[in-house]
Ligand code: AMP
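In my numbering, the protein residues as written are 519 to 1003.
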């Protein structure tokens, strides 16, 4: 078991080193007060530690090759972030890595840079390029962002990379794959799908990255991930990233990593210092009206509103439109093009408000988000911390406002327990809470069989039918031949 002292040193180091201006994390230091208590549960033996950090590290001190240094400079980065400083040398040295960090910490570069370097040091292969690095991430938005980062940091390295995700026609993706790529970024569903159709082989993967493992589990991808792991070659380097390290995450990590080094980013400031939080008690039926009021009052030009459901997000957008507030929704039912359009309209401030569900919001990387509104409180307290962390980034001051109806009071209690503080309540507003009963949920009957849904959807094809269809198209399949991969 790794010594506690070394973690403590690392922790103290990050409290001294003030990255707080540019890399303020979303997180409450209490929430992320992982190092000592958490580490006692860390299941890996022989875990190596890091300690010799110096305070003014430059990218050039991390043994990064010239073509990548040049690209980093072109990106305008001057110094590595803590996760980059820790992870890059360890990955370059060939270690498996367990990274406790989330979006906003610079973790994408922390794994992308050493991957590009390792692959480009050994790229004189004859014939078609093989997938030698595979990065699996839960959402399309994250996949696209990682793909963009790889292109940016690797622009002088002579490697080919591509991104695949579901919800769009596969032809363009398979076209690029057939030309051969060195690095593949993928969401799990589309990856397995294209593997089954014979477009992708992951037999030659040398480096495997599982990004945002906690989200992956939240989104129900555990079976897909397990299938992928079985299809990977045994000899490989593994990099595992997660913002939280719940027992099931550690269990999954244990099935992937071998003798890993653990790195983590310990946040410098607490949510309370970075983000101004407030709370309105309001009835469910008045939330839309209150939202309009709040938006008219608040000067913020970029506002992210969270709803629990996709349908709820659309309803909020419609309501705001009626009040001349430009908004768009981003959630899983929207096509990829729609989402991208909404995101770019939001980034260039054509629209002021983006309404999102938690899963869709995960990949939004907008640094100057000024205000986050929890239209509904999340039932998982950590989600609150993730949500409000979308503001107060990159040194900006952030504001987080939450609406809480009577039914959500229990969620509020959990959240306040987690963040170790009471969220200040705005008492004076036009829609004070009047409903103090919990509405009975409508009883829903059992879901009809697939054939009877949507006016008679086709039954799911059997494996034999899928095989026959693939054969007709002249594609190889991997059904029943798992050992090939
Ligand atoms: P990530 O946590 O990977 O999503 O990165 C968050 C943001 O930080 C992205 O917009 C990156 O472009 C940016 N970034 C990553 N590394 C650095 C760095 N060393 N210096 C400045 N910005 C960075």
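For every residue, glycine included, the Cβ atom is placed at its ideal position computed from N, Cα and C.
Say yes only if the C-beta of residue i is nearer than 8 Å to one or more non-hydrogen atoms of the ligand AMP, and no if none qualify.
| i | result |
| --- | --- |
| residue 602 | yes |
| residue 593 | yes |
| residue 605 | no |
| residue 598 | yes |
| residue 621 | yes |
| residue 910 | no |
| residue 667 | yes |
| residue 657 | no |
| residue 663 | yes |
| residue 641 | no |
| residue 626 | yes |
Identify whether residue i lies in helix, strand or coil by the three-state DSSP scheme.
| i | result |
| --- | --- |
| residue 780 | strand |
| residue 758 | strand |
| residue 775 | coil |
| residue 681 | strand |
| residue 949 | coil |
| residue 539 | Per-residue confidence for residue 539 stands at a pLDDT of 28, beneath the threshold of 50, marking its modelled position as unreliable; the derived number appears in the next sentence. Residue 539 falls in the helix class under three-state DSSP. |
| residue 808 | helix |
| residue 670 | helix |
| residue 871 | strand |
| residue 611 | coil |
| residue 794 | strand |
| residue 822 | strand |
| residue 803 | helix |
| residue 616 | strand |
| residue 653 | strand |
| residue 752 | coil |
| residue 764 | coil |
| residue 835 | helix |
| residue 727 | strand |
| residue 860 | helix |
| residue 675 | coil |
| residue 736 | helix |
| residue 866 | coil |
| residue 956 | coil |
| residue 662 | helix |
| residue 843 | coil |
For residue i, count the other beta carbons within 10 Å of its own beta carbon; 16 or more makes it buried, fewer makes it exposed. Which is it?
| i | result |
| --- | --- |
| residue 992 | exposed |
| residue 899 | buried |
| residue 866 | exposed |
| residue 796 | exposed |
| residue 980 | exposed |
| residue 630 | buried |
| residue 676 | exposed |
| residue 916 | buried |
| residue 978 | exposed |
| residue 1034 | Since the first and last residues shown for the chain are 519 and 1003, residue 1034 lies out of range. |
| residue 741 | exposed |
| residue 721 | exposed |
| residue 852 | buried |
| residue 691 | buried |
| residue 836 | exposed |
| residue 892 | buried |
| residue 778 | buried |
| residue 752 | exposed |
| residue 828 | buried |
| residue 577 | buried |
| residue 955 | exposed |
| residue 805 | buried |
Runs of alpha helix (DSSP H) wholly within the segment 570-605 (minimum 4 residues, chain order): 584-593
Those runs of the alpha helix (DSSP H) which lie wholly inside the segment 694-723 and span at least 4 residues: 706-714
Segments of 4+ residues assigned as alpha helix (DSSP H) that fall wholly inside the segment 879-943: 899-906, 927-937
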